[in-house]
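Residue numbers (my numbering), protein chains in the order written: chain A, 1 to 321; chain G, 322 to 606; chain P, 607 to 859.
The beta-carbon is built from N, C-alpha and C at its ideal position, and this holds for glycine as well.
Values in this document were obtained by computation on a predicted structure and should not be read as measured data.
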Amino acid sequence: MRARVVFVLIAVVLLAAFPMVAEKFYLQLVTKIMILSIFALSLDVLVGYTGLVSLGHAAYFGVAAYSLALLAPSDNAANVWVTLPLALAASAAAALVIGALVVRTAGVYFIMVTLAFAQMVYYFFHDTRVAGGSDGIYVNERPQTFIPGLDLANDAHFYYAVLMLLVLVFALLAAMLRSPFGRALQGIKANERRMRALGYATLRYKLAAFVIAGTLAGLAGYLTAAKEGYVNPEMLAWHQSGTVLMMLILGGMGTLIGAVLGTFTYVLVQEWFSGITRHWQLLMGAFIIAVVLVLPQGLAGLARARARRSPAPRPPGDANE
Amino acid sequence: MEWLIQVLNSVQYGLLLFLVASGLTLIFGIMGVINLAHGSFYMIGAYLAFALVERIGNLWVALPVGIALAAALGLMIEWLLISRLYRRDHLHQVLLTFGLILVFEELRSILLGDDVHSVPVPALLSASLPLTDTLSYPVYRLFISAVCLALAAAMYATIQKTRLGARIRAAASNPEMAQSLGLDIRWIHALVFASGVALAAFAGMIAAPVSSVFPGMGNQVLIVCFVVVVIGGIGSLKGALVAALLIGFCDTFGKVLFPEFAGVAVYLLMAAVLLFRPAGLFGRA
Amino acid sequence: MSEPLLRADELSRRFGGLVAVDRVSLSLSRGEIHALIGPNGAGKSTLANLLSGELKPTSGSIRLGESDVTGWSADRIARQGVARTFQHTNVFPAFSAFENCRLAAQARATGLPGMLRDADRHEEWNSVAHAALAATGLASRETILAGVLAHGERRGLEIAMALATAPSVLLLDEPLAGMGPEDVAGVIALLRGLRERHAMLLIEHDMDAVFALADRLTVMANGRVLASGAPEAIRANAEVQHAYLGTLDDVLP
Numbered sequence: 001m002r003a004r005v006v007f008v009l010i011a012v013v014l015l016a017a018f019p020m021v022a023e024k025f026y027l028q029l030v031t032k033i034m035i036l037s038i039f040a041l042s043l044d045v046l047v048g049y050t051g052l053v054s055l056g057h058a059a060y061f062g063v064a065a066y067s068l069a070l071l072a073p074s075d076n077a078a079n080v081w082v083t084l085p086l087a088l089a090a091s092a093a094a095a096l097v098i099g100a101l102v103v104r105t106a107g108v109y110f111i112m113v114t115l116a117f118a119q120m121v122y123y124f125f126h127d128t129r130v131a132g133g134s135d136g137i138y139v140n141e142r143p144q145t146f147i148p149g150l151d152l153a154n155d156a157h158f159y160y161a162v163l164m165l166l167v168l169v170f171a172l173l174a175a176m177l178r179s180p181f182g183r184a185l186q187g188i189k190a191n192e193r194r195m196r197a198l199g200y201a202t203l204r205y206k207l208a209a210f211v212i213a214g215t216l217a218g219l220a221g222y223l224t225a226a227k228e229g230y231v232n233p234e235m236l237a238w239h240q241s242g243t244v245l246m247m248l249i250l251g252g253m254g255t256l257i258g259a260v261l262g263t264f265t266y267v268l269v270q271e272w273f274s275g276i277t278r279h280w281q282l283l284m285g286a287f288i289i290a291v292v293l294v295l296p297q298g299l300a301g302l303a304r305a306r307a308r309r310s311p312a313p314r315p316p317g318d319a320n321e
Numbered sequence: 322m323e324w325l326i327q328v329l330n331s332v333q334y335g336l337l338l339f340l341v342a343s344g345l346t347l348i349f350g351i352m353g354v355i356n357l358a359h360g361s362f363y364m365i366g367a368y369l370a371f372a373l374v375e376r377i378g379n380l381w382v383a384l385p386v387g388i389a390l391a392a393a394l395g396l397m398i399e400w401l402l403i404s405r406l407y408r409r410d411h412l413h414q415v416l417l418t419f420g421l422i423l424v425f426e427e428l429r430s431i432l433l434g435d436d437v438h439s440v441p442v443p444a445l446l447s448a449s450l451p452l453t454d455t456l457s458y459p460v461y462r463l464f465i466s467a468v469c470l471a472l473a474a475a476m477y478a479t480i481q482k483t484r485l486g487a488r489i490r491a492a493a494s495n496p497e498m499a500q501s502l503g504l505d506i507r508w509i510h511a512l513v514f515a516s517g518v519a520l521a522a523f524a525g526m527i528a529a530p531v532s533s534v535f536p537g538m539g540n541q542v543l544i545v546c547f548v549v550v551v552i553g554g555i556g557s558l559k560g561a562l563v564a565a566l567l568i569g570f571c572d573t574f575g576k577v578l579f580p581e582f583a584g585v586a587v588y589l590l591m592a593a594v595l596l597f598r599p600a601g602l603f604g605r606a
Numbered sequence: 607m608s609e610p611l612l613r614a615d616e617l618s619r620r621f622g623g624l625v626a627v628d629r630v631s632l633s634l635s636r637g638e639i640h641a642l643i644g645p646n647g648a649g650k651s652t653l654a655n656l657l658s659g660e661l662k663p664t665s666g667s668i669r670l671g672e673s674d675v676t677g678w679s680a681d682r683i684a685r686q687g688v689a690r691t692f693q694h695t696n697v698f699p700a701f702s703a704f705e706n707c708r709l710a711a712q713a714r715a716t717g718l719p720g721m722l723r724d725a726d727r728h729e730e731w732n733s734v735a736h737a738a739l740a741a742t743g744l745a746s747r748e749t750i751l752a753g754v755l756a757h758g759e760r761r762g763l764e765i766a767m768a769l770a771t772a773p774s775v776l777l778l779d780e781p782l783a784g785m786g787p788e789d790v791a792g793v794i795a796l797l798r799g800l801r802e803r804h805a806m807l808l809i810e811h812d813m814d815a816v817f818a819l820a821d822r823l824t825v826m827a828n829g830r831v832l833a834s835g836a837p838e839a840i841r842a843n844a845e846v847q848h849a850y851l852g853t854l855d856d857v858l859p
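Structure (structure tokens):
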């Protein structure tokens with residue numbers, strides 16, 4: 001437990017110091033990774049802690065992104081304090097409506113149904129003229145907070161804003177998972193039938209988890225739209241859902257650190273592959289297959305296996321953390 | 322008469338979907354594996370049709386060659402990868418087959434490029450049946466429907482009436498017991514998987530002349546097949562057939578009546594089914 | 607005897623052509639242990655699943671106190687004060703014994719604000735969980751992961767979890783299964799102590815325990831109630847002897 005806190009603190013300090021040494025390209029790359037880390041953390045609530053494998057998580061990411069694009073005025077910067085709550089509310093609402101249907105299903109059904117509903121959202125933005133169809137739309141200027149001294153159009157400022165949000169989401173989820181609510185989610189993952197027999201209205205808990213996860217995915221989507229300056233249907237396509245699931249499994253689901261670690265590793269591997277060949281997707285596919293076959297518990301599982309081999313005795317009752 | 326054409330199109334699309342979805346639902350029902358790469362086999366079939374017809378010049382020769390290649394590919398994939406996924410978490414099955422999709426798509430891009438292609442309708446079936454003075458219906462589309470129906474009947478007969486079918490059903494309902502009865506589960510799994518792959522590829526091949534051949538076609542069909550399986554109920558062939566036809570009508574008439582929202586229509590249908598029958602129309606609750 | 611707390615009337619459950627539970631009527635009262643015996647496949651566990659709401663009855667009704675709870679969901683019935691243990695041990699292996707009980711204790715909590723505070727700070731639930739563990743003799747095992755507890759201890763934890771939900775009705779599905787003689791004696795003493803404040807259904811194969819505990823006895827076979835009444839009367843009942851206890855003659859004391 002203590003080692004974990006120290007590890008997180010060191011990581012935050014390193015990330016905070018990074019802009020002082022980094023070139024623009026790497027600054028933007030790490031900004032992107034941190035945003036995707038928020039996305040992966042949000043999915044971890046569902047997959048890692050509640051045991052719900054969603055293959056349509058990009059929908060909630062995309063809904064918030066589109067919300068910003070549609071709300072932003074074309075000739076000047078959008079107000080964060082107005083557009084962010086509205087975008088998150090849009091994602092939460094989508095997650096609430098879809099979630100109410102999907103939490104009634106389980107297992108492989110849940111996987112297929114989440115994917116199918118995400119595809120419905122995809123087609124909505126792809127086929128209709130609501131938001132530029134398949135071409136997408138631009139967010140001409142980055143949203144602003146109108147806090148003096150903070151200019152989100154400045155990449156370094158934006159970096160720190162994203163870092164702050166990542167830390168905030170991480171802390172929020174860590175607290176949530178220690179709360180009775182979080183313990184109940186973990187109970188549902190382990191044995192839903194038993195939880196019902198104890199008196200838990202498990203559907204409501206699963207729906208709450210689905211909405212929380214969808215809203216946080218929306219935060220990541222909003223930040224992506226703000227960072228990239230444009231939004232298109234590919235942001236909520238199912239490749240995106242599969243990719244974030246892969247980031248999670250790579251790090252080791254069910255641990256918050258694993259979600260962030262997995263995202264960093266995945267994006268860096270992807271950057272490396274795309275530097276080697278135009279056909280980097282082939283390498284990426286092979287990489288994913290290899291991870292599933294060789295490292296099914298992810299990097300966190302690797303660390304756990306190492307810890308188990310070390311002679312230091314652990315107090316009983318600590319191993320479930 | 323316009324509506325008759327739409328009805329025929331609905332049936333043809335629905336039956337084609339059934340062909341792809343039946344493999345998906347059988348592989349899940351019998352092997353317990355959720356295979357995202359199933360759509361890729363449909364895509365591979367369509368590209369095989371394109372590549373083989375271009376070289377051989379004849380779809381009738383290309384079909385058996387393509388089926389044999391697809392079945393061989395299926396056997397290889399099952400042996401190399403899928404066989405390691407039995408009893409593993411669905412999550413791992415999803416991710417591994419997701420990785421497979423990336424590999425297949427990129428190999429397709431390297432070998433055949435990213436262009437959209439068309440495959441000529443075979444001369445024998447290139448005629449059209451006149452319906453009225455101005456409207457006619459292509460014979461090839463009727464041919465697709467007929468072939469799909471024949472295959473559906475053959476599948477049903479194989480599974481319900483033959484000894485092989487009895488073994489497959491035994492393996493699906495109780496793998497341990499089937500194993501103890503001396504049935505080689507590994508062989509049955511390989512056979513089912515290869516047949517599913519061959520069916521999907523075959524569907525892609527016969528669809529190629531009417532649907533054109535394009536890079537994202539596999540994923541598109543995969544997700545619609547998921548909707549078929551969800552509506553029909555997992556593991557149920559009858560459910561898959563009914564659901565596929567429902568979707569065929571929903572999609573075809575949706576495109577005519579509400580062109581902008583046709584993409585969304587089948588998902589709304591799925592939502593309605595989920596609301597009232599969460600396990601699908603023919604699923605066991 | 608007081609007014610029954612839980613009463614099933616003409617309860618049936620069909621699975622396709624099979625009638626697993628066939629017009630069973632039975633009642634549970636506070637201060638009384640009602641034992642349910644019968645051969646494997648008699649429908650005892652199905653009956654427990656019907657009473658706890660995990661299965662919906664095909665016909666018949668269930669009353670809990672003043673309310674008709676027929677067709678209620680399992681979690682709603684549990685929140686209404688019916689707790690159960692399972693035939694196959696069903697604890698959360700990755701949680702400590704204490705956390706298992708606290709999870710049970712907080713099941714009836716509602717309202718988000720309380721749910722989002724740190725779980726360790728909920729004194730009320732913590733003390734309920736401690737008390738449940740103490741009652742089942744597991745006080746010294748609180749920090750051990752449920753997955754590594756001994757079999758007998760895990761069976762005890764099942765009961766502790768049920769108690770932590772503060773139930774008025776306890777449905778115990780073979781609580782003694784697989785236990786050694788010492789553990790059995792402990793559980794018998796525990797159940798005796800719980801009798802006063804709970805209405806209990808005890809499904810059990812251990813006839814010594816059944817006759818040591820039961821105030822009333824119902825025998826089931828092929829989904830039906832074969833006989834029901836005071837334990838001594840059942841023991842004397844010739845029909846039961848023939849149909850079922852014949853096989854148990856050598857087990858009976």
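Quiz item: Could you give the residue range of the beta strand (DSSP E) that holds P:A689?
Solution: 688-691
Quiz item: Name the chain C residues that come within less than 8 Å of G:Y588, Cβ to Cβ?
Solution: In the structure shown, chain C cannot be found, because the protein chains are A, G and P.
Quiz item: Would G:L369 pass as a contact of G:L338 if the rule is Cβ separation under 9 Å?
Solution: no
Quiz item: What do you get for G:N495, buried or exposed, if any count of 16 or more other CB atoms within 10 angstroms of its CB means buried?
Solution: For G:N495, the number of other beta carbons within 10 angstroms of its own is below 16, and it is reported as exposed.
Quiz item: So which of A:G262, A:L236, A:A305 has the shortest CA-CA distance to A:V63?
Solution: A:L236
Practice problem: Check the Cβ-Cβ distances between A:Q297 and every residue of chain P, and say whether any is below 9 Å. | Solution: no
Quiz item: At least one CB of chain P closer than 9 Å to the CB of A:N370: is that the case?
Solution: For residue 370 of chain A there is no data in the structure shown, the boundaries of chain A being 1 and 321.
Practice problem: Using only alpha-carbon positions, find the residue among G:M397, G:Y407, G:L428 that is nearest to A:L283. | Solution: G:L428
Quiz item: When the cut-off is 9 Å and only beta carbons count, does A:I212 lie next to chain G?
Solution: no
Quiz item: Just the Cα atoms here: how many angstroms apart are A:T31 and A:L150?
Solution: In a straight line, the C-alpha of A:T31 is about 16 Å away from that of A:L150.
Quiz item: Within the chosen definition, does the region 734-748 of chain P reach the region 656-675 of chain P through at least 3 CB pairs nearer than 8 Å?
Solution: no
Exercise. Answer with yes or no whether the minimum CB distance from A:I288 to chain G is below 9 Å.
Key: yes
Quiz item: Is the beta carbon of P:R690 less than 9 Å from the beta carbon of P:A626?
Solution: No Cβ-Cβ contact shorter than 9 Å links P:R690 with P:A626.
Practice problem: Please confirm if the region 228-235 of chain A is in contact with the region 14-31 of chain A, defined as three or more CB-CB distances below 8 Å between the two stretches. | Solution: Touching, no.
Quiz item: Hey, out of A:S274, A:G229, A:V244, whose CA is closest to A:A72's CA?
Solution: Taking only the C-alpha atoms, the option nearest A:A72 is A:G229.
Quiz item: So which of A:T105, A:V269, A:M246 has the shortest CA-CA distance to A:G48?
Solution: A:M246
Exercise. Have a look at P:L807, P:A654, P:R761 and flag the residue whose alpha-carbon is nearest the alpha-carbon of P:G637.
Key: P:L807
Quiz item: Using the beta-carbon count (16 or more within 10 Å), is A:G218 buried or exposed?
Solution: buried
Exercise. Could you tell me which of P:P837, P:S618, P:A839 sits nearest to P:S631, measuring between CA atoms?
Key: Checking every option, the nearest Cα to that of P:S631 belongs to P:S618.
Quiz item: Shorter than 9 Å from the beta carbon of G:G584 to some beta carbon of chain A?
Solution: yes
Quiz item: How would you call A:W280, buried or exposed, if buried means at least 16 neighbouring beta carbons within 10 angstroms?
Solution: buried
Quiz item: P:P837 to P:I643, Cα distance in whole Å?
Solution: 11 Å
Quiz item: Near G:R373, what residues of its chain come up, given a Cβ to Cβ distance below 7 Å and the 5 sequence neighbours on each side ignored?
Solution: It is Leu, not Arg, that sits at residue 373 of chain G in the sequence shown. Once the five neighbours on either side are set aside, the close Cβ partners of G:L373 are A383, V386, G387.
Quiz item: Do you know whose CA, among P:P699, P:I840, P:L656, lies nearest P:H757's CA?
Solution: P:P699
Quiz item: How many whole angstroms separate the CB atoms of G:V545 and G:I568, which I take to be in contact at a CB cut-off of 8 Å?
Solution: With a Cβ gap of about 7 Å, G:V545 and G:I568 count as contacting.
Practice problem: Pull up the CB-CB distance for G:L452 and G:L325, whole angstroms please, since I reckon it's below 8 Å. | Solution: 7 Å
Exercise. Using a Cβ cut-off of 9 Å (strictly closer), state whether G:L357 contacts chain A.
Key: G:L357 counts as touching chain A.
Practice problem: Kindly indicate the opening and closing residues of the alpha helix (DSSP H) around G:M591. | Solution: 583-597
Self-check item: 7 Å Cβ shell around G:I509 - same chain, five flanking residues per side excluded
Solution: R488, I489, A492
Self-check item: Own chain partners of P:A820 with C-beta closer than 8 Å, once the 5 adjacent residues on each side are dropped
Solution: I639, H640, A641, L808, P837
Quiz item: Would you say A:P143 and A:T224 are within 9 Å of each other, going by their C-beta atoms?
Solution: Cβ distance not < 9 Å, so A:P143 and A:T224 don't count as in contact.
Practice problem: Measure from the alpha carbon of G:G434 to the alpha carbon of each residue in G:F570, G:D572, G:P536, G:A586, then state which is nearest. | Solution: G:P536
Quiz item: Which residues in the same chain as A:A118 place their Cβ atom closer than 7 Å to its Cβ, once the five residues preceding and following it in sequence are excluded?
Solution: G56, A58, A59, L236, W238, S241
Quiz item: What do you reckon, is the C-beta of G:F339 under 8 Å from a heavy atom of the ligand SAH?
Solution: Looking for the ligand SAH in the displayed structure turns up nothing, as the structure carries no ligands at all.
Self-check item: Cutoff 9 Å: A:P180 Cβ touching any chain P Cβ
Solution: Yes, A:P180 counts as interfacial toward chain P.
Self-check item: Cβ of A:T105 within 9 Å of any chain P Cβ
Solution: no
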